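First comes the structure, then the notes that go with it.
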Amino acid sequence: DSGVTQTPKHLITATGQRVTLRCSPRSGDLSVYWYQQSLDQGLQFLIHYYNGEERAKGNILERFSAQQFPDLHSELNLSSLELGDSALYFCASSVAERQTSQETQYFGPGTRLLVL
Amino acid sequence: EDKVVQSPLSLVVHEGDTVTLNCSYEVTNFRSLLWYKQEKKAPTFLFMLTSSGIEKKSGRLSSILDKKELFSILNITATQTGDSAIYLCAVLIYTYKYIFGTGTRLKVLA
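Protein chains in written order, with my numbering: chain U, 7 to 122; chain E, 23 to 132.
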């Protein structure tokens, strides 16, 4: 158990819908990262927040948005869902703003999203 | 376009064998290279390499980076069945974006 929690574990929804994935980082961690893992595209970095502010953006679609709240939990909002959005969505956390070789990034168990 | 390529895609070995996993990259503004192990679910962080030629070691695992030839290797000696996993390589670039390879699936047979 990494100490990072994600809810829900599984989510089944229909095309066109909107969903919210939630992540609670490890106690004391200020950085939250979101990743998407699909069978055809592998693991992709979406976005990184540090202490409530966006720090880096990866291949995140415009239909997706994220935020980190004052209590440091984060939410990833996915809207106008398409079949291709079906994937495992991971959240990870770490202490510092920038990952260093001395610092591990801890991954949560993931949310499996299935869009029908 | 930034790219990270891992080879081989998959590998089957017997316990006790030594394996070498490869990761090559073509990116603008390289910052660091990272290795992760992914078993059933979430990845776990193994190493972060920033400087060329300095080996990082953790038990039977070691890794080294060559910034001139733009690649890294991950060695696992005396493999065990518990090493069976997908090994992911990622490059962190100066915009703090992570670019992942597709991974190498390693299976270690008893």
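The beta carbon of each residue, even a glycine, is placed where N, CA and C say it ideally should be. The structure displayed is predicted, hence computed values, not measured ones.
- Note on geometry: alpha-carbon atoms of residue 75(E) and residue 84(E) lie some 12 angstroms from one another.
- Rounded to the nearest whole angstrom, the CA to CA distance from residue 74(U) to residue 44(U) is 24 angstroms.
- DSSP places residue 48(U) within a strand segment (E or B) once states are collapsed to three.
- Listed in chain order, the positions of the region 56-67 of chain U with a beta carbon within less than 9 angstroms of a beta carbon of chain E are 61, 62, 63, 64 and 65.
- Interface annotation, residue 16(U): not in contact with chain E, CB-CB separation never under 8 angstroms.
- For residue 120(E), the C-beta contacts it makes with chain U under 7 angstroms involve 51 and 64, in order along the chain.
- Contact between residue 122(E) and residue 48(U) is confirmed by a C-beta separation of about 6 angstroms, below the 8 angstroms threshold.
- Under the three-state reduction of DSSP output, residue 55(E) falls in the strand class.
- With respect to chain U, the C-beta atom of residue 107(E) has no partner C-beta closer than 8 angstroms.
- Note: residue 60(E) is bridge-paired with 65(E) and 108(E) in the DSSP secondary-structure output.
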